[in-house]
Structure formats: structure tokens, C-alpha cells
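Data first, discussion second: the structure below is written as C-alpha cells.
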Amino acid sequence: MSEPAPEQPTNFIRQIIDQDLLEGKSGHRVVTRFPPEPNGHLHIGHAKSICLNFGIAQDYQGHCNLRFDDTNPEKESQEYIDAIQEDIQWIGFEWIKTKYASDYFEELYEYAIQLIRAGKAFVCSLGPDEIRQQRGTLVEPGMESPYRNRSIEENLDLFQRMRAGEFREGEHVLRAKIDMASPNINMRDPVLYRIKHATHPRTQDKWCIYPMYDYTHCLSDALEGVTHSLCTLEFEDHRPLYDWVLDALETPSHPRQIEFARLSLEYTVMSKRRLSLLVDGGHVESWDDPRMPTLSGMRRRGIPPEAIRDFCDRIGITKKDAFIEMSVLENCIREHLDPRVNRIMCVLRPLKVVIENYPEDQEEIFSAGNHPKDPSMGERSIPFSNTIYIEQEDFLLDPPDKYFRLAPGKEVRLRYAYNITCTDVIRNDAGQVSELRCIFDPESRGAGARKKKVKGILHWVSARHAVDAEARLFDRLFRLPYPDAGEDLASALNPDSLEVLRDCKIEACARTLDAGARVQFERQGYFYLDGDHHDAGHRVFNRIVTLRDSWGKREGKS
Ligand code: ATP
Ligand code: MG
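One rule links them: number in our numbering = place in the sequence shown (from 1) + 256.
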């Protein structure tokens with residue numbers, strides 16, 4: 257018997273379930289389901305639904321079914337079925353047996369026969385356009401189909417012949433006989449079955465009639481003994497149909513549909529169908545492109561699944577649609593990574609610095625904590641030599657007042673090492689700064705640093721010991737906050753969403769990192785060693801997130 261879960265933050269759905277359990281509805285148990293259509297990869301909006309459905313099942317000692325809603329054979333594939341399962345497991349949930357709406361095709365067909373026998377469904381021979389035209393509008397009732405009063409025998413005969421493959425697509429459909437004057441358009445004799453001569457990824461060519469979503473979903477829920485069918489608000493207007501079908505038939509149970517607000521995130525889109533346009537149009541590398549809001553893209557970018565679960569908890573479950581700022585997700589990622597990952601230094605855009613008073617054949621090793629606040633995370637060794645790299649943006653030829661980084665004649669501190677002063681600037685043929693000459697202050701080593709304080713502290717990497725790497729920096733995939741508002745998704749894309757830096761230099765200890773490792777490159781952000789490109793000679797680091805929210809500033813937000 258399920259007990260309410262008192263420790264969990266409550267929400268209106270948990271309150272409804274608590275009340276149902278108190279009143280002994282749904283047989284004192286809680287069964288939920290997550291019902292994706294296998295027509296693409298899951299996105300972070302699905303994570304909200306996954307955390308809600310699987311989370312409630314866990315907390316009430318019930319279970320949550322994964323059920324593929326596979327009723328549109330042309331758009332669905334085994335590849336998507338596999339990808340979706342991998343994504344749910346990655347988020348951190350398990351289920352007992354994978355279910356498919358197509359497993360119920362035979363039962364659904366039998367139920368349709370029952371509806372016909374009860375005079376509650378009929379075969380309509382209007383074309384799809386005529387059905388649409390006759391459906392009416394929000395202010396006008398629809399028109400009854402001229403086929404609405406076919407005899408039960410004729411309906412049974414036609415429906416059986418639809419199944420047998422005697423008709424072309426669009427020639428007939430099966431419709432519920434409800435009310436063409438209903439203020440709810442979903443109740444105006446909705447289509448229950450249509451003919452499709454398509455090969456299904458699982459049932460192959462066994463069927464050429466396929467049930468519609470509204471008819472399939474409630475019956476699949478009832479057949480599985482789902483108690484609470486949680487879905488997004490756009491299905492609120494479909495609930496009367498959900499209940500109508502279950503009331504019209506003798507089903508094992510009558511699940512309760514409850515709607516909640518879908519997740520919408522600024523600067524991206526949340527629909528498999530829309531995202532597939534980006535993949536098919538070649539606007540992104542693939543479904544798992546690290547800029548995509550897909551779970552596979554987030555995994556490949558290096559976002560930890562715990563941060564996604566935390567994000568879903570924080571945004572909560574409500575009944576009001578709203579856009580969430582990307583910074584909310586990014587903060588969850590930073591908060592998860594900050595106490596957990598090692599710090600190392602990486603120069604993303606190197607500028608060579610030769611320290612002229614440091615002997616060429618000399619080397620020394622500095623040591624630094626892997627984490628500034630957590631000694632239990634251990635220490636690393638940082639080799640130093642006379643040639644190092646610093647960040648190009650840490651040097652200015654002609655600095656403004658209060659510039660604390662390197663400039664001709666200025667002194668800065670190399671983190672964990674010495675102070676250096678720039679003595680000379682070397683330029684290439686194009687006149688650009690290509691190398692700096694500096695001198696170091698031997699007194700500034702270790703404790704000596706305290707005597708002589710300088711304001712600028714730079715990260716650096718010893719040239720001789722550096723590990724070469726590529727870094728990929730990501731920006732928002734879209735330049736518009738609500739890209740879905742416009743007609744053309746591609747024109748809303750941010751042309752600068754990907755920057756590839758091929759000549760990065762990382763501290764020697766990066767050699768020991770394995771694919772899948774997450775680190776903080778000091779001053780640069782959190783990075784992930786992308787397994788897809790990882791081999792001994794070539795390391796690609798994806799920037800998971802910057803250290804601070806720089807986006808808000810750029811947008812003029814506070
Ligand atoms: P499509 O673009 O193909 O319609 P979809 O993104 O709507 O895709 P579905 O496969 O229809 O995805 O959704 C599976 C489940 O996930 C549904 O229960 C749906 O309500 C839920 N879901 C989909 N998008 C979101 C979202 N943005 N926020 C919360 N739940 C969502
Ligand atoms: Mg959908």
C-alpha cells in the first residue's frame with residue numbers, strides 16, 4: 257500500500273495523489289507512466305516529465321512505466337527507441353519492462369468494435385479536408401457527417417475491411433459519435449482510426465489502420481493499470497475525450513489525467529519535431545550536438561545528470577506556463593560541479609612568454625591544491641620553465657588605467673609561481689604581438705609573494721610540459737529568446753554559437769585525464785573531456801558552462 261511521502265517538496269499533483277490515497281481511490285497504489293513518441297531524441301522538457309513521473313512512483317512505492325507511444329509509423333524508428341531509453345537511464349531512472357502502445361493494437365481494435373456495436377463510433381468516408389472544414393470553429397458548431405447514421409452492420413463491415421487493407425489512405429476513418437455542437441472541438445466526433453499503408457518499426461506490415469493519440473493513450477493507461485496519467489497543459493482540452501472513451505468502454509480501470517505546465521526555456525525550443533528540423537537541415541552536427549537542448553546533447557556537453565534533476569526540482573510543478581531563464585539551469589550545473597571537480601590551468605588562446613632571467617635548462621615543480629577549499633581532494637604538481645604561455649587577452653600593449661593584467665613594463669603574478677614583469681614585445685610580420693619577453697622576481701616565490709603584492713594574477717602553462725588540446729566554446733544556439741515564435745527556426749539561430757579553439761595548452765596533469773572527466777579550467781569555466789574525440793593524440797574539451805553568468809550582462813539584464 258502506498259504511503260504519502262512527507263519529506264518531498266509537495267506540489268498540487270502530490271496533493272491530489274495524497275487525497276486519492278486517503279479516499280482509497282485507485283486501489284491504494286500509485287502507477288504512473290512516461291509516454292514519449294519515438295520520433296526523435298528527448299529534450300530537457302522531457303526531463304521534467306521524467307523526474308515527475310518516476311519521482312512520484314519512487315516516493316509512493318509504486319512504479320512508473322516507460323511506454324512508447326508508437327502510433328505514427330512513418331516518423332518513428334528503433335534508433336529513437338534506443339536513444340530514449342539510454343537518456344532516461346542517464347537521468348537516473350529505471351523501469352521494469354518497456355511497453356509500447358503497439359503492444360495493445362489488438363485490444364484497441366477490439367475496443368473499437370465494441371464502440372461500433374454500442375453505436376458510439378462510425379466509419380466516415382469524408383476526406384481529411386472535408387472533415388476539417390466541417391469541424392466548425394470556436395464560435396460555430398460543426399456539421400454532422402452524412403455517414404454518421406450508417407448501420408452498425410455496415411460500420412462493422414467497413415471497419416473490418418479497413419483493417420484488411422481494402423482501402424486507400426484517406427478513403428475512410430473511424431470516428432467517435434459524440435457531439436458536433438460541443439464547445440470543445442476535441443469532442444466533435446473525433447477521428448479514432450485512420451488508414452496508413454506504412455511499415456511500423458515493431459509491428460511491421462501487420463496493420464494498415466493506426467489508432468489516434470487520444471484514443472490510444474487513455475486505453476493504454478487503463479490496460480496498464482496506470483492510476484495517475486500526468487501530462488502537459490495542452491492536453492487539458494483532451495481530458496473530456498480521455499474520460500469519454502473510458503466511460504464508453506468496460507476497461508480494467510479508469511486512470512485520472514492531471515495536467516501540469518510544460519517546461520519552456522529561453523533561447524531554445526522544446527519539441528522533438530522542431531529539433532529534428534535542425535538536425536535534418538544540417539544546422540547542428542547531430543541530435544547530440546552539445547548546443548542542443550536534448551538530453552543526449554547535454555550528456556555530450558558534459559552536463560551532469562544530477563544537475564538536471566536538481567533543476568527539475570527547483571523549477572517545480574505548477575499549472576501556469578512560463579519561460580525559465582537559461583541561467584537557472586546553468587546555476588544548477590555550477591553548483592553541482594564547484595565542490596566536486598579539480599582545478600587545472602589551461603590557456604585557451606596562447607601567447608608565448610620567454611622569461612629571460614630564468615635559466616633555460618632549469619625546471620621546478622610547484623604544487624597546488626586540486627580544489628581551493630577542499631584539501632581532501634589532494635594536490636597536483638605544476639612544472640615551471642623559462643617559456644610559458646599566457647592568455648592573449650591577458651596582455652594589452654596600451655592598457656587603460658586600472659588595468660591589472662600584463663602590459664609593457666607592468667608586473668603580474670603567475671598563479672602558484674612567481675611575479676613577472678614585461679620587458680619587451682615581439683611582433684610578427686603582420687605587426688601583431690607574437691611573443692613577450694619578461695623577467696621574473698626570485699623573491700616572489702611562495703611566501704615571498706605576500707611581501708610584494710600585485711593585483712593581477714594570471715593562469716599560465718609551461719610550454720615544454722603543456723598538453724595540446726582543442727576546446728569548444730558554446731554560446732546560445734538561438735539569438736532570439738523565443739525562437740519558436742517566428743516561422744523560420746533556422747533564421748533565429750545564433751551564427752556564433754560554436755567557437756573551436758585548436759591550439760590550447762593545458763597543465764601537464766591533464767595527460768592523466770580520461771574521457772568523460774570534468775574539470776575547472778581556472779578562470780575559464782567547467783570543461784568536459786569529450787569521449788567521442790578522445791584518443792592519445794587529440795583531446796577535445798567541451799565547455800560545459802562559464803564560471804559566472806556572462807550572458808545576463810551582455811543582454812543588459814542585471
Ligand atoms: P513532439 O514535438 O514530437 O510532439 P514532444 O516534445 O511533445 O514531442 P512527446 O513524446 O509528445 O514529446 O512527450 C512525451 C511526454 O513528455 C508527454 O507526456 C509530454 O507531456 C511530456 N513533455 C513533452 N514536452 C515537455 C515539456 N517541455 N515539459 C514537460 N513535459 C513535456
Ligand atoms: Mg507531443
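Yeah, the Cβ is synthetic: ideal placement off N, Cα and C, and Gly gets one too.
Computed from a prediction, not measured in an experiment: that's the story for all the values here.
Out of curiosity, what's the CA-to-CA distance linking proline 291 and threonine 327? Note on geometry: alpha-carbon atoms of proline 291 and threonine 327 lie some 12 Å from one another.
Cysteine 568 CB to nearest heavy atom of the ligand ATP below 7 Å: Set against 7 Å, the gap from the CB of cysteine 568 to the closest heavy atom of the ligand ATP is not smaller.
Please tell me whether, using a cut-off of 7 Å, the distance from the CB of lysine 528 to the nearest non-hydrogen atom of the ligand ATP is below it. In this structure, lysine 528 has its beta carbon less than 7 Å from a heavy atom of the ligand ATP.
Touch test, the segment 748-766 against the segment 720-737, Cβ-Cβ under 8 Å, three pairs minimum: Segments in contact, yes.
Could you work out which residue in Tyr449, Thr266, Trp716 is closest to histidine 428 when comparing CA atoms only? Of Tyr449, Thr266, Trp716, the residue nearest in Cα terms is Tyr449.
Can you tell me whether histidine 302 sits near the ligand ATP, meaning its C-beta is under 7 Å from at least one heavy atom of the ligand? Distances from the CB of histidine 302 to the heavy atoms of the ligand ATP include at least one below 7 Å.
Taking all protein chains shown into account, decide if arginine 860 is buried (16 or more other Cβ within 10 angstroms of its Cβ) or exposed. Since the displayed the chain opens at 257 and closes at 814, residue 860 lies outside it and no answer follows.
DSSP on alanine 517, reduced to helix/strand/coil? Coil.
Please state whether the Cβ-Cβ distance between asparagine 642 and glutamate 667 is less than 8 Å. No, the pair does not count as a contact, with Cβ atoms beyond the cut-off.
Residue interval of the beta strand (DSSP E) (run including valine 609): Here the beta strand (DSSP E) through valine 609 covers 606-611.
Going by beta carbon distance, what residues of the same chain come within less than 7 Å of tryptophan 351, once the five residues before and after it are set aside? So the qualifying residues of the chain are Cys320, Asn321, Leu322.
Excluding sequence positions up to five away, which residues of its chain have a Cβ less than 6 Å from the Cβ of tryptophan 716? A distance below 6 Å between beta-carbons, with the five flanking residues on each side excluded, links tryptophan 716 to the following residues of its chain, in chain order: Ile644, Ile646, Leu670.
By the 10 Å Cβ neighbour count, where 16 or more other Cβ atoms means buried, how is glycine 553 classified, buried or exposed? Buried, since its Cβ has 16 or more Cβ neighbours within 10 Å.
Quick one: using the 10 Å Cβ neighbour count with 16 as the cut-off for buried, is tyrosine 659 buried or exposed? Tyrosine 659 is exposed by the Cβ-count criterion.
Quick check: is any heavy atom of the ligand ATP less than 7 Å from the C-beta of asparagine 295? Between the ligand ATP and asparagine 295, a heavy atom-to-CB distance of less than 7 Å is present.
Which one of Ala368, Ile340, Ile347 has the shortest CA to CA distance from tyrosine 356? Residue Ile340 is the option with its Cα nearest to tyrosine 356.
Which residues in the same chain have their Cβ closer than 6 Å to the Cβ of serine 814, if we skip the five residues on either side of it in sequence? With a pLDDT of only 35 at serine 814, under 50, the local geometry of the prediction cannot be trusted, and the value read off the model is given with reservation. Excluding residues within five positions, none has a Cβ falling inside 6 Å.
Nearest candidate by alpha-carbon position, reference aspartate 786, set Val775, Arg779, Ser509: Put simply, of Val775, Arg779, Ser509 the residue whose alpha carbon is nearest the alpha carbon of aspartate 786 is Val775.
Straight-line Cα distance separating glutamate 649 from alanine 673: The alpha-carbon atoms of alanine 673 and glutamate 649 are separated by roughly 20 Å.
Under 8 Å between the Cβ atoms of arginine 444 and aspartate 435? Contact annotation: arginine 444 and aspartate 435 have beta-carbon atoms nearer than 8 Å.
Could you check the C-alpha separation between glycine 812 and serine 583 for me, to the nearest Å? Note that glycine 812 scores 46 on pLDDT, short of 50, meaning its location in the model is unreliable and no value can be drawn from it.
State yes or no: is the beta carbon of cysteine 474 nearer than 8 Å to at least one beta carbon in chain B? Going by chain labels, chain B is absent from the structure shown, which holds only one protein chain.
Buried/exposed call for arginine 565, threshold 16 Cβ in 10 Å: Classification of arginine 565: buried, given that the 10 Å Cβ count is 16 or more.
Can you give me the start and stop residues for the beta strand (DSSP E) that asparagine 598 sits inside? Where asparagine 598 is concerned, the enclosing beta strand (DSSP E) stretches over 598-600.
For proline 262, which residues in the same chain have their Cβ closer than 6 Å to its Cβ, ignoring the five residues on either side in sequence? Bear in mind that the predicted position of proline 262 carries a pLDDT of just 49, short of 50, making it too unreliable to give a figure here.
Contact under 8 Å by Cβ, leucine 604 with glutamine 780: Going by C-beta atoms, leucine 604 is nearer than 8 Å to glutamine 780.
Under 7 Å: does the beta carbon of threonine 768 sit that close to some heavy atom of the ligand ATP? No, the ligand ATP has no heavy atom inside 7 Å of this Cβ.
How far does the alpha helix (DSSP H) with tyrosine 672 in it reach, from first residue to last? Segment: none, tyrosine 672 is in no alpha helix (DSSP H) and carries neither H nor E.
Aspartate 477 and histidine 494: beta carbons closer than 8 Å? Contact annotation: aspartate 477 and histidine 494 have beta-carbon atoms that are not nearer than 8 Å.
Closer than 6 Å by C-beta to glycine 348: which residues in its own chain qualify, once you throw out the five before and the five after it? Chain order, please. Same-chain partners within the cutoff: Pro561.
Counting C-beta neighbours from all protein chains within 10 Å, is the total for glutamate 335 16 or more, i.e. buried, or is it exposed? With fewer than 16 other Cβ atoms inside 10 Å of its own Cβ, glutamate 335 counts as exposed.
Could you give the residue range of the alpha helix (DSSP H) that holds histidine 319? That residue, histidine 319, is in no alpha helix (DSSP H); its beta strand (DSSP E) goes 319-324.
Just list the residues that DSSP pairs phenylalanine 783 with in beta bridges. Residue pairing of phenylalanine 783 in beta bridges, as defined by DSSP: Val775, Arg799.
Contacts around phenylalanine 516, its chain only, beta-carbon distance under 6 Å, and the 5 residues preceding and following it disregarded: Ile573, listed in sequence order.
Outcome for glutamine 271 when other beta-carbon atoms lying within 10 angstroms are tallied against a minimum of 16: The residue in question, glutamine 271, is exposed, as its Cβ has fewer than 16 Cβ neighbours within 10 Å.
Quick one: is proline 546 buried, meaning 16 or more other Cβ sit within 10 Å of its Cβ, or exposed? With 16 or more other Cβ atoms within 10 Å, it is buried.
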